[in-house]
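Residue numbers (this note's numbering): 74 to 281.
What follows is a set of notes on a single structure, which appears directly below.
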């Protein structure tokens with residue numbers, strides 16, 4: 074019976090220590106949350122950019138600077154074009170409500186393990202002049218319609234001298250679909266990527 078009593082006392086002690094640890098852990102997390110009341114929680118990203126520990130005003134300033142410094146390299150196989158943020162009047166979109174994101178984070182008191190909720194996404198984070206994008210692309214010889222080769226289907230050609238038909242191979246051509254190229258480049262700008270490579274199958278105009 075004495076052994077049994079000792080076991081019970083030990084068990085109670087373990088439970089008490091565990092409860093104390095849990096309570097301390099909860100208090101510690103709450104204290105940590107208060108420390109992050111005015112800045113984004115550890116592990117927070119905005120459109121894949123690490124913003125943990127930043128206040129809303131600091132984040133806005135960084136986004137404004139990144140718009141000025143932004144560069145996109147457009148690779149046209151045999152030619153490259155660099156589009157700068159300043160060339161297309163790129164700027165941080167003041168309509169983006171970043172404070173609302175921070176307020177929601179404070180409401181939920183997210184932990185670092187809540188990766189899904191810490192990965193924030195804002196559409197149209199930047200604005201730019203679409204006409205300027207077209208003007209920049211127009212500087213590339215790859216977009217010069219006078220230098221493009223039109224696509225052509227394979228066809229049978231009659232040779233009068235041989236009195237026979239022969240098959241002339243088709244030509245894929247190099248005629249780019251300007252609309253598709255422009256749309257793809259604009260998508261790259263909106264996603265804030267730094268490199269975009271032309272994919273012929275997606276952007277070369279076909280016969281059909």
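Note that CB positions come from ideal geometry on N, CA and C, so glycine has one too.
With DSSP run on the structure shown, which of helix, strand or coil describes residue 148?
strand
For residue 148 and residue 270, I'd like the C-alpha separation in whole angstroms.
5 Å
Where the alpha helix (DSSP H) containing residue 255 begins and where it ends:
251-263
Return the first residue and the last residue of the alpha helix (DSSP H) that residue 179 is part of.
171-181
Kindly confirm or deny that the segment 146-166 and the segment 255-270 touch, where touching means at least three C-beta pairs closer than 8 Å.
Contact between the segment 146-166 and the segment 255-270 is present: three or more C-beta pairs spanning the two stretches fall below 8 Å.
Straight-line CA distance for residue 99 to residue 125?
Because the pLDDT at residue 99 is just 41, under 50, the model does not fix this residue reliably, and the value given afterwards should be weighed accordingly. About 21 Å.
For the beta strand (DSSP E) containing residue 157, list its first residue and its last residue.
153-157
Backbone secondary structure at residue 218 - three-state DSSP
helix
What do you reckon, are the CB atoms on residue 123 and residue 194 nearer than 9 Å?
no
Please list the terminal residues of the continuous alpha helix (DSSP H) segment that includes residue 190.
188-191
Top-ranked residue by Cα proximity to residue 175, from 131, 258 and 218:
Ranked by Cα distance from residue 175, the options 131, 258 and 218 are led by 131.
Under the rule that 16 or more other beta-carbon atoms within 10 Å means buried, what is residue 219, buried or exposed?
exposed
Helix, strand or coil for residue 197 per DSSP?
coil
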